[in-house]
Amino acid sequence: MQDAPVIPVIVLTDVAQAVLLARALVAGGIRMLEVTLRTPQALACIEAIARDVPEAVVGAGTVRSAADAQASAMAGARFAVSPGYTHAVGQACHDAGIPLLPGVATGSEIMAAQEDGLTELKFFPAMQAGGPAMLKAWGGPFGDVHFCPTGGVTIENAGAFLALPNVVCVGGSWLTPADALAHGNWSRITALAYQARQLKRSFC
Ligand code: 3PG
10 MQDAPVIPVI VLTDVAQAVL LARALVAGGI RMLEVTLRTP QALACIEAIA RDVPEAVVGA
70 GTVRSAADAQ ASAMAGARFA VSPGYTHAVG QACHDAGIPL LPGVATGSEI MAAQEDGLTE
130 LKFFPAMQAG GPAMLKAWGG PFGDVHFCPT GGVTIENAGA FLALPNVVCV GGSWLTPADA
190 LAHGNWSRIT ALAYQARQLK RSFC
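10 is the number of the first residue of the sequence shown in my numbering; add one for each residue after it.
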């Protein structure tokens, strides 16, 4: 989470694009990459990036079950991100030896994740669930928890999140627009990554 201010949330449908996209993001200074398990090709894309782009640290997103966690680790994912938290997913990631960044949107969910030893959490969906004001409020009772807000975060509003002391980084899909992917516009993606890399944060 401390590596860069933004973790790109990536949806890939073409294994041939995976390595080119990963290289484009790395060229812009972003190497922590979340490839979501939302397409049938996602695991193969993770495998290709893990094999061919050693400068990247590829993880799996949208991990919703123990089976997802196991398959992700087998494919070479080095971390997992989930939209919510269950003990089963937490245990499966622990057993597979990959760190989990689980999604939370309420105090009870934070407490459940904390009970299992997790203190680095994704706030999801960040804008819809209360935005920076929500994280500011959580900074009181959950002052020992660090967040990666994701969902509705853009280059325009990222700064408001990153200015908070309990925000380490943000996540978002804006670095990999579908039309840039469709046209193989890698220089645009590198430029978006470079721009994101320059975002200032108070945590780090
Ligand atoms: C996610 O899919 O994890 C986030 O919803 C990404 O949200 P965004 O597309 O609004 O950045």
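From the three backbone atoms N, C-alpha and C, an ideal C-beta is built for every residue, glycine too.
Checklist entry - Can you name, in chain order, every residue of its own chain whose Cβ lies under 7 angstroms from the Cβ of Ile16, other than the five neighbours on each side? => result Counted from its first residue, the sequence shown places residue 16 at position 7. Closer than 7 angstroms at the Cβ level, and outside the excluded window around Ile16, lie Met41, Glu43, Cys157, Cys178 and Gly180.
Next on the checklist: Is Phe133 near the ligand 3PG - that is, is its Cβ less than 7 angstroms away from at least one heavy atom of it?
Outcome noted: Residue 133 sits at position 124 when you count from the first residue of the sequence shown. For the ligand 3PG, at least one heavy atom lies less than 7 angstroms from the Cβ of Phe133.
Checklist entry - Would you say the region 121-135 touches the region 191-208, given that touching needs at least three Cβ pairs under 8 angstroms? => result no
Next on the checklist: Tell me whether Val98, by its Cβ, gets closer than 7 angstroms to a heavy atom of the ligand 3PG.
Outcome noted: By 1-based counting over the sequence shown, the position of residue 98 is 89. No - the ligand 3PG has no heavy atom lying nearer than 7 angstroms to the Cβ of Val98.
Next on the checklist: I'd like the span of the alpha helix (DSSP H) that includes Glu124, first residue to last.
Outcome noted: Your numbering for residue 124 matches position 115 in the sequence shown. Segment Gly116 to Glu124, the alpha helix (DSSP H) holding Glu124.
Next on the checklist: Which of the three DSSP states is assigned to Pro14 in this structure?
Outcome noted: If you number the sequence shown from 1, residue 14 lands on position 5. Coil, per DSSP.
Checklist entry - Hey, quick one: how far does the beta strand (DSSP E) through Ser91 stretch, first residue to last? => result Reading the sequence shown from its first residue, position 82 is the one you call residue 91. Per DSSP, Ser91 belongs to the beta strand (DSSP E) from Ala89 to Ser91.
Checklist entry - Does DSSP put Cys157 in a helix, a strand or coil? => result Taking the first residue of the sequence shown as position 1, residue 157 is located at position 148. DSSP places Cys157 in strand when its eight states are reduced to three.
Checklist entry - Since Met41 sits in a beta bridge, which residues does DSSP pair it with? => result Counting from one through the sequence shown, the residue named residue 41 turns up at place 32. In the DSSP output, where bridge partners are listed per residue, Met41 has Val66.
Item to check | the ligand 3PG site residues, beta-carbon cut 5 angstroms against heavy atoms | outcome: Chain order is used for the residues whose beta-carbon lies nearer than 5 angstroms to a heavy atom of the ligand 3PG, namely Val18, Thr159, Gly160, Gly161, Gly181 and Ser182.
Next on the checklist: I need the straight-line Cα distance from Ala205 to Ala114, nearest angstrom please.
Outcome noted: Residue mapping note: residue 205 aligns to position 196 of the sequence shown, counting from 1. Residue mapping note: residue 114 aligns to position 105 of the sequence shown, counting from 1. Those two C-alpha atoms are separated by around 24 angstroms.
Next on the checklist: Among the candidates Cys54, Ala89, Asn175 and Gln11, whose CA atom is the shortest distance from the CA of Val154?
Outcome noted: The count along the sequence shown starts at 1 and reaches residue 154 at position 145. Checking every option, the nearest Cα to that of Val154 belongs to Asn175.
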